[in-house]
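Numbering (my numbering), first residue to last: 1 to 439. Cβ coordinates follow ideal geometry from the N, Cα and C atoms, glycine included.
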Ligand code: GLY
């Protein structure tokens with residue numbers, strides 16, 4: 001089989017490895033992809049950057065060129081712009097949510113109204129299309145409740161950076177004004193009640209009817225340790241996360257099955273990966289957001305643990321018979337530490353083109369895998385070519401082992417001029433919990 005994966009980051013690298021493990025797959029194309037995806041592969045893996053993720057017609061051209069047996073549309077812009085619909089209409093077998101189904105991610109106002117309609121636990125919100133109305137609302141909020149946590153959130157897609165936190169009226173008004181920088185995505189925006197608690201991510205795969213929920217994960221979204229600093233696309237992840245058996249039952253009953261049933265009732269059956277970004281408030285899970293794809297970097301710690309042939313799972317989704325597949329996962333823990341250019345998510349332009357040292361050593365360590373994002377490859381030399389550069393993922397029997405291996409591995413890596421940045425606290429909560437549980 002030939003598989004075409006649409007996307008360009010470490011998530012798509014991870015997805016390509018899941019397909020590579022399948023004995024049914026001979027060739028993989030990742031479009032646009034990145035250099036590192038092709039490095040040291042067991043099977044034929046190509047990238048083709050002659051397409052744009054916001055240009056479904058260009059993706060159709062790529063599909064026509066390679067004639068894949070399966071197309072996996074993994075990236076949010078491509079999903080939002082109807083790539084799945086276009087490819088399906090043109091006779092391809094496609095895995096991913098349709099434009100209508102992926103609205104659960106690309107229209108956050110609609111998504112919150114959907115949650116309200118189907119009684120899915122989620123924060124209170126109001127939406128606005130003018131600064132004036134929003135500012136008046138913020139003033140009244142803080143008159144009633146000084147110190148309140150709120151999120152000002154663009155309704156459209158903003159590469160994971162569209163939710164801005166405020167805890168006083170000055171900050172809230174500043175964040176409202178920042179919505180402009182998101183252009184059309186920030187034209188309509190929400191002011192949501194902030195939920196205080198520990199966050200988690202859960203992924204369900206669904207054919208619109210049957211679904212399976214994978215092991216939980218936790219993303220670390222801010223640039224600095226202890227959740228400080230600016231929002232990023234994700235600086236690290238662990239799996240499994242805080243989701244205990246009781247929380248998992250509630251997640252399934254109140255947040256996943258209701259969403260899948262609701263989407264069906266809305267005439268948008270949900271086929272693909274449904275990503276729940278959740279938070280545990282007073283021991284109970286609530287929704288922060290739904291997305292229509294694997295998360296990055298959570299995919300890097302969840303998908304490698306899936307033991308069932310991924311082609312069998314994806315094919316069953318495409319053929320609406322997911323209920324027939326016995327999905328198995330291993331019981332390992334995984335930790336992902338993202339290596340970024342110093343300066344990210346701000347200006348990191350002076351890091352571009354600098355040599356990255358030590359990746360090869362890190363990737364040769366037992367139980368360690370490196371997934372590439374912004375790494376340019378020239379022969380056996382690697383160069384920084386982006387903000388988030390690579391994900392170091394380590395597996396272990398428990399969180400302690402996985403964390404130790406991940407940090408041993410990334411300790412081998414550096415960038416010319418001391419330009420590598422990574423968080424050093426990924427997994428700290430789980431280590432604390434683990435140590436308490438064994439003491
Ligand atoms: N991990 C955050 C995201 O993929 O949106």
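Collapsed DSSP secondary structure at residue 344 in the structure displayed: Taking the chain shown and counting its residues from 1, the one referred to as residue 344 is at position 344. In this structure, residue 344 counts as coil in the three-state DSSP scheme.
Ranges of the beta strand (DSSP E) found wholly within the segment 1-36, counting only runs of at least 3: Runs of the beta strand (DSSP E) lying entirely within the segment 1-36 and spanning at least 3 residues, in chain order: 2-7, 27-32.
Cβ pair residue 247, residue 279 closer than 8 Å: Position 247 of the chain shown, counted from the first residue, corresponds to residue 247. Position 279 of the chain shown, counted from the first residue, corresponds to residue 279. Against a cut-off of 8 Å, the Cβ pair of residue 279 and residue 247 comes out as no contact.
Where the alpha helix (DSSP H) through residue 56 begins and ends: Counted from its first residue, the chain shown places residue 56 at position 56. Looking at the DSSP string, the run of the alpha helix (DSSP H) that includes residue 56 is 56-66.
Residue environment, residue 80, which counts as buried when at least 16 other CB atoms sit within 10 Å: Numbered from its first residue, the chain shown carries residue 80 at position 80. By the 10 Å Cβ count, residue 80 comes out buried.
Closer than 8 Å to chain D by CB, residue 418: In the structure shown, chain D cannot be found, because there is only a single protein chain.
Limits of the beta strand (DSSP E) - the one that residue 396 falls within: Reading the chain shown from its first residue, position 396 is the one you call residue 396. Where residue 396 is concerned, the enclosing beta strand (DSSP E) stretches over 388-396.
Three-way DSSP call (helix, strand, coil) for residue 326 in this model: Residue 326 sits at position 326 when you count from the first residue of the chain shown. Under the three-state reduction of DSSP output, residue 326 falls in the coil class, being neither helix nor strand.
Close beta carbons around residue 139, own chain, < 7 Å, minus the five adjacent residues each side: Numbered from its first residue, the chain shown carries residue 139 at position 139. Same-chain partners within the cutoff: 169.
Cβ shell of residue 230 (< 6 Å), same chain only, five flanking positions each side left out: Here residue 230 refers to the residue found at position 230 when the chain shown is read from its first residue. So the list reads 223, 345, once near-sequence residues are dropped.
Identity of the residues DSSP links to residue 204 by a beta bridge: Along the chain shown, read from residue 1 onward, the residue named residue 204 stands at position 204. Per DSSP, 213, 274.
N- and C-terminal bounds of the beta strand (DSSP E) containing residue 229: Walking along the chain shown from the start, residue 229 turns up at place 229. From DSSP, the beta strand (DSSP E) with residue 229 extends over 228-231.
Span separating the alpha-carbon of residue 390 from that of residue 371: For this step, residue 390 is matched to residue 390 along the chain shown. For this step, residue 371 is matched to residue 371 along the chain shown. C-alpha separation (whole angstroms): 6 Å.
Residue 260 and residue 277 closer than 8 Å at C-beta: Here residue 260 is taken as the residue at index 260 of the chain shown, counted from 1. Here residue 277 is taken as the residue at index 277 of the chain shown, counted from 1. No.
Close-in-space but distant-in-sequence residues of the same chain around residue 285 (CB under 8 Å, 5 per side omitted): Translated into the one-based positions of the chain shown, residue 285 becomes position 285. So the list reads 121, 200, 243, 247, 250, 251, 254, 255, 278, 279, once near-sequence residues are dropped.
Residues near residue 409 in its chain [Cβ-Cβ closer than 7 Å; skip 5 each side]: In the chain shown, residue 409 corresponds to position 409, counting from 1. Around residue 409: 362, 365, 368, 392, 394.
Residue(s) in a DSSP beta bridge with residue 239: The residue labelled residue 239 in the question sits at position 239 within the chain shown. Residue 239 pairs with 334.
For the ligand GLY, residues whose Cβ lies under 5 Å from any non-hydrogen atom: With 5 Å as the limit, the residues whose C-beta approaches any heavy atom of the ligand GLY more closely are 160, 219, 234, 295, 296, in sequence along the chain.
Beta-carbon proximity check, residue 149 vs residue 112, cutoff 8 Å: Counted from its first residue, the chain shown places residue 149 at position 149. Counted from its first residue, the chain shown places residue 112 at position 112. Contact flag unset, no.
C-alpha gap between residue 49 and residue 335, whole angstroms: In the chain shown, the residue the question calls residue 49 occupies position 49. In the chain shown, the residue the question calls residue 335 occupies position 335. Straight-line Cα distance between these residues: approximately 30 Å.
Residues bridged to residue 414 [DSSP beta-bridge criterion]: The count along the chain shown starts at 1 and reaches residue 414 at position 414. DSSP lists 357 as partners of residue 414.
Under 8 Å between C-beta atoms of residue 178 and residue 157: In the chain shown, counting from the first residue as 1, residue 178 sits at position 178. In the chain shown, counting from the first residue as 1, residue 157 sits at position 157. Taking 8 Å as the Cβ cut-off, residue 178 and residue 157 do not qualify as a contacting pair.
Three CB pairs or more closer than 8 Å across the segment 89-103 and the segment 25-36: no
For residue 291, the first and last residue of its enclosing alpha helix (DSSP H): By 1-based counting over the chain shown, the position of residue 291 is 291. Element bounds for residue 291: not the alpha helix (DSSP H) but the beta strand (DSSP E), 284-291.
CB contact flag (residue 343, residue 351, <8 Å): As a first step, residue 343 must be located in the chain shown, where it is residue number 343. As a first step, residue 351 must be located in the chain shown, where it is residue number 351. In this structure, residue 351 lies closer than 8 Å to residue 343 by Cβ.
Limits of the beta strand (DSSP E) - the one that residue 222 falls within: If you number the chain shown from 1, residue 222 lands on position 222. Looking at the DSSP string, the run of the beta strand (DSSP E) that includes residue 222 is 222-224.
Short Cβ contact (8 Å threshold) for residue 18 with residue 310: For the purposes of this step, residue 18 is taken as the residue at position 18 of the chain shown. For the purposes of this step, residue 310 is taken as the residue at position 310 of the chain shown. Contact: yes.
Simplified DSSP assignment, three categories, for residue 70: In the chain shown, residue 70 corresponds to position 70, counting from 1. Residue 70: strand per DSSP, three-state reduction.
Backbone secondary structure at residue 453 - three-state DSSP: No information on residue 453 is available, as it lies outside the stretch 1 to 439 that the chain covers here.
Candidates 78, 14, 6, 7: closest to residue 302 by CA position: As a position in the chain shown, residue 302 is number 302, starting the count at 1. Considering only alpha carbons, the answer is 14.
CA-to-CA distance, residue 298 to residue 324, given in whole angstroms: Position 324 of the chain shown, counted from the start, is the residue given in the question as residue 324. Position 298 of the chain shown, counted from the start, is the residue given in the question as residue 298. Cα to Cα, the separation comes out at about 26 Å.
Buried or exposed (CB count within 10 angstroms, at least 16 for buried), residue 67: Mapped onto the chain shown, residue 67 falls at position 67. The residue is exposed, with fewer than 16 neighbouring Cβ atoms inside 10 Å.
Short Cβ contact (8 Å threshold) for residue 333 with residue 239: Counting from one through the chain shown, the residue named residue 333 turns up at place 333. Counting from one through the chain shown, the residue named residue 239 turns up at place 239. Closer than 8 Å, so yes.
Residue 247, enclosing alpha helix (DSSP H) - first and last residue: Looking up residue 247 in the chain shown gives position 247. Run containing residue 247: 245-250, per the alpha helix (DSSP H) assignment.
Beta-carbon spacing of residue 354, residue 414 below 8 Å: Counted from its first residue, the chain shown places residue 354 at position 354. Counted from its first residue, the chain shown places residue 414 at position 414. Taking C-beta atoms as the reference points, residue 354 and residue 414 fail to come closer than 8 Å.
Coil, strand or helix - residue 103 by DSSP: The residue you call residue 103 lines up with position 103 of the chain shown. In the structure shown, residue 103 sits in a helix (DSSP, three-state: H, G or I).
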